[in-house]
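What follows is one structure encoded as C-alpha cells, with my remarks underneath.
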Amino acid sequence: MGYKKINLYGTSYGTRVSIAYINKYPNRVRTATLKGLVPYELIIPFDFAEDAQRSLDILIADCKESQNCNTAYPDLAHELETFFKTKFPMSVAVVNPETKKIDTVWLTKEIVALNMRVLLMSPSTTKNIPFIVTQFNKGNYDPLTTVMLSIKKSYLKGVYDGMTLCVICHEDYPALTRLTKQTKTETFLGDYWIYRVTNSCEIWNPKKREVQKTK
C-alpha cells in the first residue's frame, strides 16, 4: 500500500504474527502494541489448564482478602469444589436473553470447564464467578447458562474453527504431541483441551514444523 512504516496491534495469536513480522521486517515497524502475548515458545494449548487453574486460585485468594467478597462468599473454595463435582452431563432450560424463548443448554463437565476458563480471561468477567458458582450450587442455573449463551454468541461471531485448526495444527501440534504424556488432571480443566486439539489435528493432517524461537 506504499507505507514506509506501519503500526502493529496484536492480541493473543495476533501477537505471534506481529512478532514474526517484526523479526522479518524490523525497519518497517514504527510501533507495536501487543496484548496477551503468545510467543513462539508457547505451545497452544499445553499450558491452558495450568494457567486457568492458577487464575482460579488467585481469585479464591483475592476473595478471601477482600472484606466484601469474603463476607458474601466465606467459603468460595468449597463452593468451587462442589461446583466442579456436579454430576454432569445435564440439560437445563433457560430463557434466551435475546429471543426471550426457552432454550435447552446441554452441560457437560468439559463444556462448563471451558466456559469457566473464558470467564477467567478477563477481570470484568472473573468477578462474576463467585455469584455464578454459588447460585448454581443452590439450583439456580440461570447465571451460568446465560453467560454460556453470551460466550457462544461471541465465539460464533469471531472464531472460525477451520482457521484455528490451520494455525494450531501447523504451528503447535507437532510440538504438542511430544508433551502429551504430561497430564493436567489436577486442574479443573484437565487434559480436555490437549485431547481436543491432538485428535482434531490428527484428522486435519498438518505439515510439521520446528518450534521457532523468539528473538
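Quick note: the sequence shown uses my numbering, first residue 1395, plus one each step. A virtual CB, placed ideally from N, CA and C, is assigned to each residue, including glycine.
- Nearest to LYS1521 by alpha-carbon distance, out of LEU1470, LYS1494 and PHE1477, is LEU1470.
- With a beta-carbon spacing of about 17 angstroms, PRO1517 and TYR1467 fall beyond the 8 angstroms limit used to define contacts.
- Per the C-alpha coordinates, the member of SER1548, SER1544, VAL1591 and LEU1538 positioned closest to HIS1564 is VAL1591.
- Distance from the Cα of PRO1491 is smallest, within the candidate group THR1539, TYR1567 and TYR1589, for THR1539.
- Between the alpha carbons of PHE1442 and TRP1500 lies a gap of roughly 23 angstroms.
- At a Cβ-Cβ threshold of 8 angstroms, THR1581 and ALA1446 count as neighbours.
- DSSP, read as helix, strand or coil, puts ASN1531 in helix.
- Assigned with DSSP and collapsed to three states, ILE1438 falls in coil, not helix or strand.
- DSSP, read as helix, strand or coil, puts THR1480 in coil.
- Residue range 1496–1501 is occupied by the beta strand (DSSP E) that includes ASP1497, with no alpha helix (DSSP H) assigned at that position.
- In this structure GLU1473 touches VAL1527 by the C-beta definition: roughly 5 angstroms separates them, less than 8 angstroms.
- The C-alpha of ASP1555 is placed about 32 angstroms away from the C-alpha of THR1476.
- Around the beta carbon of ASP1451, fewer than 16 other beta carbons lie within 10 angstroms, which makes this residue exposed.
- The C-beta separation of ILE1413 from ASP1566 comes to about 15 angstroms, leaving the pair out of contact by the 8 angstroms criterion.
- The shortest C-alpha to C-alpha distance from THR1405 to any of PHE1440, LYS1418 and PRO1433 is the one to PRO1433.
- Taking SER1485 as the centre and dropping the five residues before and after it, the same chain places the C-beta of THR1498 and TRP1500 closer than 6 angstroms to its C-beta, in chain order.
- ASN1509 sits close to MET1542, with the two beta carbons spaced by under 8 angstroms.
- SER1449 carries a helical assignment under DSSP once its states are collapsed to helix, strand and coil.
- Of LYS1399, CYS1595, VAL1489 and THR1409, the smallest CA-CA separation from TYR1419 is found for LYS1399.
- Around the beta carbon of CYS1560, a 10 Å sphere encloses fewer than 16 other beta carbons of the protein chains shown; the residue is thus reported as exposed.
- Judged by DSSP secondary structure, ARG1424 falls within the beta strand (DSSP E) whose first and last residues are 1423–1429.
- Between the C-alpha atoms of ASN1421 and PHE1482 there is a straight-line separation of about 54 angstroms.
- In the structure shown, THR1405 adopts extended strand secondary structure according to DSSP, grouped into three states.
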